[in-house]
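According to the working numbering, numbering within the sequence shown proceeds without interruption in unit steps and concludes at 1196.
Where is the CB? At the ideal position from N, CA and C, for every residue including glycine.
Quick notes on the structure that follows.
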Amino acid sequence: MLALDRMAIEEAGPNCVRLAAEIHDQLRHKGGEVPVAAIAAALDVVEIKEAPLKGFEGALIAPDDRNFGAILINSNSSLSRRRFTLAHELGHFLNCWHRPEDPAGRFACSRADLATRRPKSSASAPRRVVQEAEANRFAIELLAPPRLIRPYLRGVPDLAKVLTLSDELGLSREAGARRYVELHAQPSVLVFSAAGVVRYVERSPAFPFVSCRPGQRLPQLPSPADASGLSAHEEADSLDWLARPGRGALIVQTLSQRNGYAITLLAFDAAESGDDEEEI
Ligand SMILES: [Zn+2]
917 MLALDRMAIE EAGPNCVRLA AEIHDQLRHK GGEVPVAAIA AALDVVEIKE APLKGFEGAL
977 IAPDDRNFGA ILINSNSSLS RRRFTLAHEL GHFLNCWHRP EDPAGRFACS RADLATRRPK
1037 SSASAPRRVV QEAEANRFAI ELLAPPRLIR PYLRGVPDLA KVLTLSDELG LSREAGARRY
1097 VELHAQPSVL VFSAAGVVRY VERSPAFPFV SCRPGQRLPQ LPSPADASGL SAHEEADSLD
1157 WLARPGRGAL IVQTLSQRNG YAITLLAFDA AESGDDEEEI
């Protein structure tokens, strides 16, 4: 059985990134899926139960002193989602600042909670929003620590790497793609869509604003090149995509998924911008 020193981990305080980093410092995990159930068990989560749930994806039941906890997971969800939910609930359990809002004293987290991102200004954000965003941040830091993502970050941004790392680490393609772009040195943007309509956009801070907004129709996307649903990198017309076009050659790549869902990656062609610099 895995042994972890919970007191040393909780010395990281309520900082979700440091909590996950401290677990990994102790764990020394070599590669492959992070053993999230064994980690939870080693940190006093005495029961992890899966059952069909309606209206929420996971719940944590724990006394106020958090001496122990029990976690419930929606068995109807995919394996990658169940792993994320378990990591999210563990994030609530280990964060001494988190308090349940449920009158029954439990954390009950919906699909929307599991998609909550850190608000731009957390000072005025409701406590629940901040807690849910922090549990999500903990989950991705635990399941996809920078050390395990680093080997995939060489070269131009490529959704083929996202497919590989998501499979290796047991992440959904969506979570894997966000983590990849977040940690990649070359700025890029992800456009998540369903049936050709934008769901949301995730952009590296250094990448220019894209013109598409949630609810809007996308330009024609590149077609899959093989059964994986992945397209080649194609040249994109920056007029189609950028709010202020004209900053070098843009490349586009799309991963077509089931039921009309797609992930589209945009980046600047590094080779071409290198040539430009030489000409100057
Ligand atoms: Zn939650």
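Using the C-alpha atoms, what's the distance from residue j back to residue i?
{"i": "Gly1086", "j": "Val1105", "result": "23 Å"}
{"i": "Ile1065", "j": "Arg1119", "result": "18 Å"}
{"i": "Lys1107", "j": "Ala1159", "result": "For the sequence presented, residue 1107 should be read as Val rather than Lys. Their backbone Cα atoms lie some 14 Å apart in a straight line."}
{"i": "Val1097", "j": "Val1117", "result": "12 Å"}
{"i": "Ala1165", "j": "Glu1151", "result": "7 Å"}
{"i": "Leu1146", "j": "Leu1006", "result": "34 Å"}
{"i": "Ala1186", "j": "Ala1122", "result": "14 Å"}
{"i": "Cys932", "j": "Arg982", "result": "16 Å"}
{"i": "Phe1023", "j": "Val1045", "result": "13 Å"}
{"i": "Asp960", "j": "Leu935", "result": "15 Å"}
{"i": "Ser994", "j": "Ala937", "result": "26 Å"}
{"i": "Gly1071", "j": "Leu976", "result": "41 Å"}
{"i": "Arg1089", "j": "Ile955", "result": "23 Å"}
{"i": "Leu1099", "j": "Pro1062", "result": "7 Å"}
{"i": "Glu1195", "j": "Ala1039", "result": "Interpretation of Glu1195 is limited by its pLDDT of 38, a score under 50 that renders its predicted location unreliable; no figure is taken from the coordinates."}
{"i": "Gly1021", "j": "Gly985", "result": "12 Å"}
{"i": "Arg1027", "j": "Phe972", "result": "6 Å"}
{"i": "Leu1182", "j": "Pro1067", "result": "21 Å"}
{"i": "Asp1192", "j": "Pro1073", "result": "Reliability fails at Asp1192, whose pLDDT of 43 lies under 50, so the model's placement of it is uncertain and the value that follows must be treated cautiously. Those two C-alpha atoms are separated by around 20 Å."}
{"i": "Gly1190", "j": "Phe1184", "result": "Caution is warranted here: a pLDDT of 45 is assigned to Gly1190, below 50, making its placement in the model unreliable, and the coordinate value is therefore given only provisionally. Approximately 11 Å, taken between the alpha carbons."}
{"i": "Arg1034", "j": "Val1126", "result": "21 Å"}
{"i": "Pro1130", "j": "Asp980", "result": "40 Å"}
{"i": "His1008", "j": "Pro930", "result": "10 Å"}
With DSSP as the reference, please indicate the residues paired to residue i in a beta bridge.
{"i": "Glu1090", "result": "Paired residue(s): none; Glu1090 is not in a bridge."}
{"i": "Val1113", "result": "Ala1110, Arg1133"}
{"i": "Asn990", "result": "Ala967"}
{"i": "Gly985", "result": "Val961"}
{"i": "Glu1151", "result": "Ile1167"}
{"i": "Ala924", "result": "DSSP output for Ala924 lists no bridge partner at all."}
{"i": "Val1126", "result": "Leu1158"}
Is residue i near ligand 1, in the sense that its beta carbon is under 6 Å from a heavy atom of that ligand?
{"i": "Glu1098", "result": "no"}
{"i": "Asp1029", "result": "yes"}
{"i": "Ala1041", "result": "no"}
{"i": "Glu1048", "result": "yes"}
{"i": "Cys1025", "result": "yes"}
{"i": "Ala1051", "result": "yes"}
What would DSSP say about residue i, mapped onto helix, strand or coil?
{"i": "Gly929", "result": "coil"}
{"i": "Val1072", "result": "coil"}
{"i": "Leu1085", "result": "helix"}
{"i": "Arg1119", "result": "strand"}
{"i": "Gly1164", "result": "coil"}
{"i": "Val950", "result": "coil"}
{"i": "Ser1172", "result": "strand"}
{"i": "Phe1184", "result": "strand"}
{"i": "His1178", "result": "Looking at the sequence itself, residue 1178 is Ala, so the reference to His does not match. The answer is strand: DSSP assigns Ala1178 an E or B state."}
{"i": "Leu1158", "result": "strand"}
{"i": "Ser1144", "result": "coil"}
{"i": "Ala975", "result": "strand"}
{"i": "Ser1104", "result": "strand"}
{"i": "Arg1053", "result": "helix"}
{"i": "Ala937", "result": "helix"}
When you measure from the CB of residue i to every non-hydrogen atom of ligand 3, does any distance come out below 6 Å?
{"i": "Glu1090", "result": "Summarising the ligand content, the structure contains ligand 1 and does not contain ligand 3."}
Against chain B, with Cβ distances strictly below 7 Å, would residue i count as a contact?
{"i": "Gly1086", "result": "Here chain B cannot be found, since the structure has a single protein chain."}
Legend entry - Sequence ranges, beta strand (DSSP E) only - wholly within the stretch 1001 to 1037, length at least 3: 1022 to 1025
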